[in-house]
Amino acid sequence: MTFAKVETAVDFPALERSILRWWDERQIFAKRKALNEGKPRWSFLDGPITANNPMGVHHAWGRTYKDVYHRFFAMTGHQMRYQNGFDCQGLWVEVEVEKELGLKSKRDIENLVPGDVEASIDLFVRHCKARVDKYARIQTEQSIRLGYWMNWDRSDEDWAKRPDDRKSYFTMSEENNYTIWAFLKKCHQRGLIYRGYDVMPWCGRCGVGISEMEMKEGYKLVEHKACFVRFPLVGRSGEYLLVWTTTPWTLTSNVGAAVNPELTYLRVRLGNDIYYLAEGAFRLDRMASLGESGPDEEDQTGGASTRGRRAWLPGVPPLRRIEQWFAEKAGADGYEVVGAIRGADMLGWQYIGPFDELPAQQHPYGYPEEVARVARQAGHWPPVSAVQAHRVISGGDAVTADEGTGIVHTAPGCGGIDYVWGKENGLPPIAPIGDDGVFVQGFGVFTGQQAADPATAELVFAELRRKGLLFAVERYVHRYPHCWRCKTELLYRLVDEWFIHMGPRGSEEGFRGEIMRVVRRPDVRFLPEEINGRARELDWLRNMGDWMISKKRYWGLALPIWVDEEDPTQFEVIGGREELRARAVQGWELFEGHTPHRPWIDKVIIRNPRTGRLMHRIPDVGNPWLDAGIVAFSTLRWNTDRDYWRQWYPADFITESFPGQFRNWFYALLAMSTMMSEGEPPFRTLLGHGLVRDQYGQEMHKSAGNAIEFIAAADTGGVIRDPKGKEIPFRPMGADVMRWMYVRHNPATNLNFGPAPADEIRSKVFFKLWNTYAMFCNYAIGDGYEPLTTPEVPVEQRPDVDRWLLSNLQLLIQTARQAYSSYNVMAFALECEKFIEGDLSNWYVRRNKDRLHSRHAELDEAGRRDKWAAYHTLYTTLRTLCQLMAPCVPFITEAMWQNLRRDPDPESVHLCDFPQPDERLIDRQLSADMAIVQRIVSLGLGARQLAKINVRQPLRQLILAPASAEERRAVERFQDLILDELNVKSLTFHNGPEPLLTTRWRLNKKTAAPKLGPHLAEAEAELAHYHGDTPPLTLAGTELAAADLVPEYIAPAGYVGSAERGTQLALDVTITPELRQEGLARLVIRHIQEARKKAGLDLLDKIALYVRADTSELAQVLVKHRPAIATAVQALNWSEQPLDTQVYEETISLPEGTLHVQLHRVPASAG
RNA sequence: GCGCGUAUAGCUCAGUUGGCUAGAGCGCAGCUCUGAUAAAGCUGAGGUCCCUGGUUCGAGUCCAGGUACGCGCACCA
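Sequence positions in the first sequence follow my numbering and run 127 to 1293.
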């Protein structure tokens, strides 16, 4: 048995693909699981990936962590579930399916089968399911490509199964949906489920409510027409409230006017009229920065937004002060501030609304009828119409003088805060628009108008002008939400939705408080600590509103809420399939055989036991975070096998990208688990990680062309655009390189991903590791090293440098165990890089090449033992590194392992136990000594550089003045090593009372000159006489900083010195003719080696050689150093005459002369 | 507006319990080595450790205040 030859040029992606095949053939994953059967459990819970598109590289980050910790805990002997999850339901999938089918709106969906809404929804839902299956399968294949070991569904057979029966979990599975039902029922049993009307942003074109999350993507800086309107006060003839609004269409639904009781309001006389408005608003410079809401993407190109000023659009005139409006209207007569009044004293004043003639304004409890009915049933409202309700109310602090007039037009059916104020003050809600954004019946000339249409605003102005209520109209610029799909402006619309009551906002009461107590538990950890996840989660929990669980869409959880056909306040929450079957009075047979999705679930009708009437399911589907939040129960068989659930709950570990998730998955998981388990947390450790950016630090966007698909990074390569839009093609980097980029990164911060950082990682980590491995194997082949048969050299008998490497290796094992088991793989990865680059590649291997290279036949017994010691040391190190790194980079380590392993080693590196450190091999003294040596070598190289003498040129002597006894001892211990590294013949210590080097200080003129000014010359004169070890901080009477002075070390004549932190050394730079010739010999060797390479010879080939030099100096070198040259270039024959057989021939011109070289290969036995 | 976090070299970031003459990688500049060669290595320039004050023998590190940026929440009439 011997090592296979290793090529140094590797196609890593291709290598990875072959490893994948090999794992499959040999069933390595199955064997790993079998090994861990019955071992302690390590429980992981997957946050489901949305099965809606192929994976991007951002998905690979979290999935890398997931795989890394699975593999580590596998190697340390733990049983695991290996279950991946797919998120299936929700608007994102619907949107993509709409795109596929070319649908533009809900009406298009409901008309997919023309004229048949039910069949249309059924078809649409089936399309959604199909899309999920398609992309779940693609994501599965891509995850496998990443090296992610899970129980994957791989065959057609697997994918033909229903989602419930597959290996991965699917949130669209029946089990998942019905478990959410159980959760909702528990909530209902505690009285937490309620139906609420709320005003939310709505897209009239898509006919759907837009959630906060979706809204954040759609803010744009736009221009609207805003208007000032006067509301005549009742019983105060000629007096008016002055209100201002940016959404004129909502004036049709005005019910109240809100003031801040704490503010002072002015009475301003204009002509015969008195206007009320806030004092602060009257003279306010309205263009000064306000509502500092931060520019959004569109602003950047649109120009505008200057610092300290309001974001504005070019071409729109600046806002006038309100005072200016008054001045203009007053003309020569002027206006007059005739008094002031506290807002508190205005409360309750009645006024006449701007559109009181509309039928909608006359209807008790609000408008339209269904709104009024709910308002009546809710009990917050008195039986009055809007017209009757018009009055001044308190808006509290929310009303400011910084915007508008300080009196806020309040339309409870058209605005979020308006609705709240309406509820508090008994102002009935008027909802003017339908789900298409068009005014409904009851609004006179407005009925049939699009609310968002600018013409509607003009119509409002015309009406107001006609009535004499319009004070002013202005062009106004503000950030306004738009539909993230179709880009149309959103409207605030009153809709009925379903909620879970979380308890009073800002308190720790109720359900909210229960979840907070779980989050505070000390056995629940939030990592990384810098991001303070626990505090973030608590912050969200403290401030969140009630959980809106409904969505007026098609593809999703069927909310298990059945409502009485007559009385909308009577509803029931069904907790599961069997319960529904038992309660069904109609439609079960139609539903039977279908998943609990629309439209089939809607067929089932139950009876209201209290009224005897029928109850129908509400058409709403669920918030998708319900789907993902239940998985700690649905996937752990909470319904069917409670023992299993107890074994695996809570999860030891979860990890996801954290931005957003504290209010999404983490929240849903915590909330639902708190309810379901009565306070047992769903996880022990949560690891959050940041976002993937492009390599320039920009967010990745498909539209910007800087997003990278997973498969492009792994296998196909692709193109990215830099920030200037220039296209940059890139080659595939493979999964391991990607994985290492992720594991070495600090999860608390965003990661800049791209070909440039990938190249860096590849050369820094992968090439060094692979080259070391290749060198080891290839030399071992030549030397006949074989780990099993080559005589072992006990570690304690190996040279210091070997024991040093092994000692550092043990420390690395300790770090690895500590880091992996505390979910801090970065700590391991960074140490590992240092070990590979610093210790292994750049020090041990470089230092010990000669030991591996030495000609076996020429070695005595001790020499052979020394050589074997080096091989054993390297072998152990490479093997161990494979095992330590296997969780992070499973492919390259497997490839190496296959060549390195010897029976009875496990057939795969992933079947190994994770290494244990051998305490006996740890020698901290040795590590410290070597660190000193490395520092001194670096210092010596610095001196050579100063002297401008190549390292190739041997020098006579190095004198060292160590900084400490430790340093001296370390240097004595590793004297040979230092001499060799620095190519110096001898090393002596400096003794004597005088320092080896004289310190001289120079001015750093760049920084010191400005301080000294005209005293510069004087200061330099003073410096010339100064030789202290510390810089003089006062020169020419001027204070200087240490940085203004630069030390220079003056060595004795014939020497060059350098110094650092008390260590000083001096290098004898006298080059004798002998030394020069030695240096030339190395030059000759190098060029002959170059010639060998060009001749295409293998490392192990022997040669016949002829060399002729045209200078006497070089000729002398060739004679004098012939044995050394011959050995180095493996010349068995050195001919005095030009060679006559087939030769490689080259003439090399050097400054020192010209070399004529001939060589050809000879059989090894020829010598 | 409220809350959380961050601020260290041109860029990306390390920096443990306070001991620092502040580090790494990339980039830049200058070199070296040469059978790891589509590689490897060395040296150098480059710092107000955001600002101000405090605690301390000693502060990048701890405390207070400020500034800037990021994130979350609220608001955007």
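Backbone N, C-alpha and C define an ideal beta-carbon position, used for all residues, glycine too.
Cβ distance (whole Å) where residue i is taken to contact residue j below 8 Å
i, j, result
"Asn-749", "Ile-675", "5 Å"
"Pro-808", "Ala-839", "Contact flag wrong, Cβ pair sits at about 32 Å."
"Gly-594", "Pro-555", "Not confirmed; about 28 Å, so no contact."
"Met-477", "Leu-367", "The residue you asked about is not Met; residue 477 is Tyr in the sequence shown. Their Cβ separation, rounded to whole angstroms, is 6 Å, which keeps Tyr-477 and Leu-367 in contact under 8 Å."
"Val-1255", "Glu-1272", "About 13 Å separates the two Cβ atoms, so there is no contact after all."
"Cys-609", "Cys-332", "6 Å"
"Pro-1013", "Pro-607", "That belief does not hold up - the Cβ atoms of Pro-1013 and Pro-607 are roughly 45 Å apart, past 8 Å."
"Val-599", "Val-442", "Not really, about 13 Å apart at Cβ, beyond 8 Å."
"Gly-532", "Asn-386", "7 Å"
Bounding residues of the alpha helix (DSSP H) (the contiguous stretch that carries residue i)
i, result
"Val-863", "861 to 869"
"Pro-881", "881 to 887"
"Trp-187", "183 to 201"
"Asp-992", "987 to 1011"
Limits of the unbroken beta strand (DSSP E) element including residue i
i, result
"Glu-600", "596 to 607"
"Ile-400", "399 to 404"
"Gln-712", "710 to 712"
"Val-464", "461 to 468"
"Ser-803", "Run containing Ser-803: none in the beta strand (DSSP E); it sits in the alpha helix (DSSP H), 791 to 803."
Nearest neighbour of residue i, chosen from the options [CA to CA]
i, options, result
"Ser-933", "Ala-1057, Val-394, Cys-313 and Gly-1222", "Ala-1057"
"Phe-587", "Trp-370, Glu-226, Ser-948 and Tyr-970", "Trp-370"
"Arg-651", "Glu-959, Leu-812, His-196 and Leu-585", "Leu-812"
"Arg-263", "Lys-311, Gly-211, Thr-766 and Trp-218", "Gly-211"
"Asp-172", "Phe-697, Lys-293, Lys-351 and Val-699", "Lys-293"
"Ser-803", "Pro-776, Glu-825 and Arg-819", "Pro-776"
"Ile-154", "Gly-273, Pro-1289, Phe-354 and Phe-408", "Gly-273"
"Val-132", "Trp-1023, Ser-1261, His-871 and Gln-1079", "Trp-1023"
"Lys-549", "Arg-592, Leu-585, Gly-505 and Glu-454", "Gly-505"
"Ala-861", "Thr-134, Trp-168, Asp-193 and Asn-179", "Asp-193"
"Gln-712", "Ile-727, Ala-598, Leu-1105 and Leu-752", "Ile-727"
"Ala-466", "Asn-277, Arg-943 and Thr-390", "Thr-390"
"Ser-760", "Glu-222, Tyr-295, Ser-169 and Ala-245", "Tyr-295"
"Asp-523", "Tyr-191, Gly-474 and Ala-384", "Ala-384"
"Leu-1067", "Leu-229, Val-381 and Leu-1193", "Leu-1193"
"Gly-560", "Leu-161, Ala-578, Val-818 and Leu-1047", "Ala-578"
"Thr-202", "Val-1288, Cys-329, Val-546 and Phe-1040", "Phe-1040"
"Gly-397", "Ala-458, Arg-819 and Lys-311", "Ala-458"
Classification of residue i by the beta-carbon crowding that lies within 10 angstroms, buried from 16 upward
i, result
"Arg-252", "exposed"
"Val-463", "exposed"
"Val-644", "buried"
"Phe-1115", "exposed"
"Glu-142", "buried"
"Glu-1107", "buried"
"Asp-746", "buried"
"Lys-1305", "What is shown of the chain runs 127 to 1293, which leaves residue 1305 out entirely."
"Glu-640", "buried"
"Asn-1109", "buried"
"Ala-537", "buried"
"Tyr-770", "exposed"
"Gln-1042", "exposed"
"Asn-658", "exposed"
"Val-1245", "exposed"
If you scan the region 313 to 366 from start to end, which runs of the alpha helix (DSSP H) of 4 or more residues do you find wholly inside it? 338 to 342, all fully within the region 313 to 366.
Could you give the uninterrupted runs of the beta strand (DSSP E) lying entirely in the region 1192 to 1248, keeping only those of 3 residues or more? For secondary structure counted as the beta strand (DSSP E) over 3 or more consecutive residues, the region 1192 to 1248 holds these complete runs in sequence order: 1228 to 1235.
For the region 515 to 581, list the alpha helix (DSSP H) runs that are entirely contained and at least 4 residues long, ordered along the chain. Every alpha helix (DSSP H) stretch that sits fully inside the region 515 to 581 and reaches 4 residues is listed by chain position as 542 to 551.
Taking only runs of the alpha helix (DSSP H) that begin and end inside the region 1079 to 1103, which ones reach a length of at least 4 residues, in chain order? You should have 1091 to 1099.
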